[in-house]
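In my numbering, the protein residues as written are 183 to 374.
These notes concern the structure reproduced below.
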Ligand SMILES: CC(C)(COP(=O)(O)OP(=O)(O)OC[C@H]1O[C@@H](n2cnc3c(N)ncnc32)[C@H](O)[C@@H]1OP(=O)(O)O)[C@@H](O)C(=O)NCCC(=O)NCCS
């Protein structure tokens with residue numbers, strides 16, 4: 183499975199919204215706010231919604247030139263360290279084929295191995311076992327969320343779900359990748 187991952191273009195927004203609104207995807211995501219329309223996304227893609235504190239970035243995932251999913255990123259900095267909060271969705275007909283793991287691996291190679299990002303964070307609903315398995319395959323570990331913060335997120339994101347937060351550190355990622363390369367060169371196949 184070799185998905186192509188590239189920066190999202192405004193022309194991709196309709197395809198991405200169709201995936202986001204698919205009931206099987208939406209069930210595992212925050213409720214879309216009515217104000218979150220194509221115009222808002224277009225502004226984010228063009229950097230018009232960026233602030234001095236954070237920067238939006240979106241990537242599209244394609245298979246055979248068809249958009250099958252996407253990854254959202256919010257880039258920020260804390261105590262001089264680069265941090266990225268990520269979210270992702272894949273069209274249901276492509277679930278379970280390793281597409282998202284391959285796409286995220288390629289993204290993280292850029293963020294964590296090249297761009298010097300120190301931590302990637304991702305939130306998911308507690309009952310989203312498929313996503314949790316994906317997170318664990320990629321080396322994410324649970325990261326605490328203070329109880330009041332948890333409630334603030336749930337309210338801000340309009341959901342009644344219990345949210346769990348995960349973190350992937352630069353060192354963990356580089357270690358994982360180095361082990362994979364060693365295994366590949368010694369003939370022991372390992373794929374996400
Ligand atoms: C979560 C999502 C991105 C996963 O993408 P994917 O390409 O299907 O991921 P993978 O192919 O690597 O499969 C995920 C893993 O979960 C496992 N899995 C599937 N259903 C599962 C379940 N009910 N319980 C536990 N694990 C499950 C799969 O077996 C696979 O693990 P494996 O590779 O060890 O066999 C995709 O399912 C999706 O978009 N879901 C809806 C939206 C969503 O949840 N977004 C993320 C919100 S945080």
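C-beta atoms are modelled at their ideal positions from N, C-alpha and C, and glycine is treated no differently.
{"Asked": "Is residue 269 near ligand 1, judged by its Cβ being under 7 Å from some heavy atom?", "Found": "yes"}
{"Asked": "Buried or exposed for residue 206, please, with buried defined as at least 16 other CB atoms from any protein chain shown within 10 angstroms of its CB.", "Found": "exposed"}
{"Asked": "Quick one: measure Cβ to Cβ for residue 166 and residue 347, integer angstroms, because I've assumed they're closer than 8 Å.", "Found": "In the structure as shown, the chain begins at 183 and stops at 374. Residue 166 is therefore absent and cannot be evaluated."}
{"Asked": "So, using beta-carbon positions, are residue 256 and residue 300 closer together than 8 Å?", "Found": "no"}
{"Asked": "Rounding to the nearest angstrom, what Cα-Cα distance links residue 185 and residue 244 in this structure?", "Found": "6 Å"}
{"Asked": "Within its chain, find whatever has a CB closer than 7 Å to the CB of residue 236; leave out the 5 residues flanking it on each side and keep chain order.", "Found": "256, 257 and 258"}
{"Asked": "Taking the alpha-carbon positions, what's the residue 251 to residue 316 distance?", "Found": "15 Å"}
{"Asked": "For the segment 255-306, list the alpha helix (DSSP H) runs that are entirely contained and at least 4 residues long, ordered along the chain.", "Found": "281-290"}
{"Asked": "Can you tell me which of 319, 335, 332 and 349 puts its alpha carbon nearest to the alpha carbon of residue 358?", "Found": "319"}
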